[in-house]
Amino acid sequence: MGMKKSLTTALTALLLLSGSAQAFMLGGTRLVLEQDRGVASIAVYSGEREALKLVHSQVLTAQDGGAPSTHFMVTPPLFRLEPGAQGQVRVSLVDPQGLPVDRESRLYLKVIAIPSINPLGRNDTTGFTGGALLVNTGSIIKLFYRPHGLAAPTQGGGATLTFTRVPGGVQVHNPTPWYVTLGDLRIDDRPVTFSSQQAAELPPFGTTTFGTTSRLKQRAQWRVLDDAGKSVGGTTPIR
1 MGMKKSLTTA LTALLLLSGS AQAFMLGGTR LVLEQDRGVA SIAVYSGERE
51 ALKLVHSQVL TAQDGGAPST HFMVTPPLFR LEPGAQGQVR VSLVDPQGLP
101 VDRESRLYLK VIAIPSINPL GRNDTTGFTG GALLVNTGSI IKLFYRPHGL
151 AAPTQGGGAT LTFTRVPGGV QVHNPTPWYV TLGDLRIDDR PVTFSSQQAA
201 ELPPFGTTTF GTTSRLKQRA QWRVLDDAGK SVGGTTPIR
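And the structure:
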């Protein structure tokens with residue numbers, strides 16, 4: 001079992017390295033910024049076969065069409081990234097005024113890469129201007145802000161969730177000040193389908209009802225994502 005796990009880990013790392021050599025990508029799927037530290041960073045990679053890019057980053061209040069947040073500053077907001085190179089984006093807390101002090105806040109870090117239409121023009125921004133720009137690529141990941149005194153949850157917070165039988169489904173309550181992201185949820189081995197009405201992300205102190213085809217509703221098998229985006233699982237009896 002240990003050897004199988006080691007081989008799986010090695011294969012995953014190899015695939016990540018192979019992907020980073022050919023595509024623009026970020027060094028993580030989420031970013032956590034603690035008020036006590038005031039700053040958080042994430043790596044930005046350009047594939048060896050990628051064109052010269054101009055990278056633009058900002059923190060948004062919502063994933064789709066959200067306004068730029070005035071609480072945070074991204075540095076550098078704009079920089080050049082050569083093929084096969086690595087850059088870094090730093091998110092700094094500017095003003096915590098107005099952010100909740102008793103729970104996490106969820107925002108979004110948007111990082112887009114604008115490809116150059118003139119790879120030879122590397123001494124200025126000429127290659128990034130004009131009406132013939134190529135299609136932008138990029139990523140949007142979640143940025144979790146933790147106020148003073150709020151440490152990281154244990155194992156992604158999954159063990160603290162409570163599950164209660166209700167007509168037609170199971171009610172899941174998150175009693176913690178953290179966002180808990182479900183990677184998978186099964187009721188008596190029967191998978192639950194996530195949707196906009198049955199969101200996989202449980203807000204702090206929030207409650208969501210999930211439909212299930214199980215009649216007995218005896219146990220919930222769950223997997224949640226921790227700060228590093230790693231999946232952590234467990235089983236909880238349903239009350």
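Residue 1 is where the sequence shown starts when you use full-length UniProt numbering, and the numbers rise one by one after that. Just so you know, even glycine gets a beta-carbon here, dropped at the ideal spot from N, CA and C.
Taking all protein chains shown into account, decide if residue 208 is buried (16 or more other Cβ within 10 angstroms of its Cβ) or exposed. buried
Are the segment 77-87 and the segment 152-170 touching, with three or more C-beta to C-beta distances below 8 Å? no
Is it true that the segment 170-183 meets the segment 197-211, where meeting means three or more beta-carbon pairs spaced less than 8 Å apart? Yes, the segment 170-183 touches the segment 197-211.
Let me know the secondary structure DSSP gives residue 169 once reduced to three states. Looking at residue 169 - three-state DSSP - the assignment turns out to be strand.
For the candidate residues 220, 143 and 137, whose alpha-carbon lies nearest to that of residue 45? The option with the nearest alpha carbon to residue 45 is 137.
Could you tell me which residues DSSP pairs with residue 187 in its beta bridges? 190 and 220
For residue 224, the nearest candidate out of 62, 109, 90 and 200 (CA to CA): 200
Going straight from the alpha carbon of residue 51 to that of residue 79, what length do you get? Straight-line Cα distance between these residues: approximately 14 Å.
Unbroken beta strand (DSSP E) run spanning residue 115, endpoints: DSSP places residue 115 inside the beta strand (DSSP E), whose first and last residues are 105-115.
Ranges of the beta strand (DSSP E) found wholly within the segment 60-103, counting only runs of at least 3: 72-75, 78-81 and 86-93
Leaving aside the five residues before and after residue 143 along the sequence, list all residues of the same chain whose C-beta is less than 7 Å from its C-beta, in chain order. 31, 33, 59, 91, 107, 108 and 109
Grab me the residues of residue 187's own chain with a C-beta within less than 7 Å of its C-beta, minus the 5 sequence neighbours each way, in chain order. 170, 212, 214, 217 and 220
Can you round the beta-carbon distance between residue 89 and residue 74 to whole angstroms, since I take them to be within the 8 Å contact cut? 6 Å
Leaving aside the five residues before and after residue 56 along the sequence, list all residues of the same chain whose C-beta is less than 6 Å from its C-beta, in chain order. So the qualifying residues of the chain are 78 and 112.
On the three-state DSSP scale, how would you describe residue 154? helix
Only counting the same chain, and skipping five residues up and downstream in sequence, which positions put a Cβ closer than 6 Å to that of residue 81? 46, 53, 55 and 87
In whole angstroms, what separates the C-alpha of residue 231 from that of residue 182? 9 Å
Taking the alpha carbon of residue 149 as the reference point, which residue from 26, 27 and 36 has its own alpha carbon closest? Comparing Cα positions, the closest option is 36.
What beta strand (DSSP E) runs, 3 residues minimum, are completely inside the segment 195-219? 207-211
I'd like to check one pair, residue 29 with residue 233: are the Cβ atoms closer than 8 Å? Between residue 233 and residue 29, the C-beta gap is not smaller than 8 Å, which leaves the two residues out of contact.
Identify whether residue 240 lies in helix, strand or coil by the three-state DSSP scheme. As displayed, the chain neither begins before 1 nor continues past 239, which places residue 240 out of reach and without an answer.
Within the same chain, show all residues whose beta-carbon is closer than 7 Å to that of residue 102, passing over the 5 residues directly before and after it, in chain order. 177
Look at residue 164 and residue 238 and say whether their C-beta atoms are less than 8 Å apart. yes
Close-in-space but distant-in-sequence residues of the same chain around residue 173 (CB under 6 Å, 5 per side omitted): Around residue 173: 162 and 207.
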